[in-house]
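Undergrad:
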Amino acid sequence: MSNSETKQTFHITDKSLAQSGALAVQDAANSFRDMNTLLTTASGVALANFIESGDASYLQALDKINEQAKASKDNFIELYSNVNQARKEN
Numbered sequence: 086m087s088n089s090e091t092k093q094t095f096h097i098t099d100k101s102l103a104q105s106g107a108l109a110v111q112d113a114a115n116s117f118r119d120m121n122t123l124l125t126t127a128s129g130v131a132l133a134n135f136i137e138s139g140d141a142s143y144l145q146a147l148d149k150i151n152e153q154a155k156a157s158k159d160n161f162i163e164l165y166s167n168v169n170q171a172r173k174e175n
């Protein structure tokens with residue numbers, strides 16, 4: 086393989102990796118947004134049920150929902166950081 090062909094192959098590979106990373110981040114962002122929509126709805130239902138019934142178990146559900154929201158955010162940040170680091174290494 087000539088030097089020119091090697092550079093061209095490297096360039097194509099670099100673009101492909103960048104595109105794959107961008108798609109992974111976009112997919113993760115969509116999942117993060119969808120998860121937040123579900124968690125927001127669940128929070129509203131739990132809060133409404135607590136107000137209606139006074140049952141403290143709905144407050145515990147809110148705590149679990151908040152934990153899930155934090156885990157979802159942390160997963161998104163980790164994926165984004167990994168993709169960004171891989172991009173910088175290439």
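Just so we're aligned, residue 86 is where the sequence shown starts under this note's numbering, counting upward by one.
No residue lacks a Cβ here, since even glycine has one placed at the ideal position from N, Cα and C.
Does DSSP put residue 166 in a helix, in a strand, or in coil?
TA: Three-state DSSP puts residue 166 in a helix.
Undergrad: Suppose contacts are defined by Cβ-Cβ distances below 8 Å. Is residue 150 in contact with residue 133 by that definition?
TA: Cβ atoms of residue 150 and residue 133: not closer than 8 Å.
Undergrad: Between the C-alpha atoms of residue 164 and residue 111, what's the straight-line distance to the nearest angstrom?
TA: Each residue's alpha carbon lies about 11 Å from the other.
Undergrad: Assign residue 106 to one of two classes, buried (16 or more other C-beta atoms within 10 Å of its C-beta) or exposed (fewer than that).
TA: So residue 106 counts as buried.
Undergrad: Pick out whichever of 172, 144, 138, 121 has its Cα sitting closest to the Cα of residue 160.
TA: Of the candidates 172, 144, 138, 121, the one whose C-alpha sits nearest the C-alpha of residue 160 is 121.
Undergrad: For residue 131 versus residue 141, is the C-beta spacing smaller than 8 Å?
TA: It is not a contact, given that the beta carbons lie outside the stated cut-off.
Undergrad: How many whole angstroms separate the CB atoms of residue 113 and residue 172, which I take to be in contact at a CB cut-off of 8 Å?
TA: Actually they are not in contact, since the Cβ atoms of residue 113 and residue 172 sit about 15 Å apart, beyond 8 Å.
Undergrad: Between residue 93 and residue 124, is the Cβ-Cβ spacing less than 8 Å?
TA: No, the Cβ-Cβ distance between residue 93 and residue 124 is not below 8 Å.
Undergrad: So what does DSSP say about residue 131, is it helix, strand or coil?
TA: Residue state, collapsed to three classes: helix.
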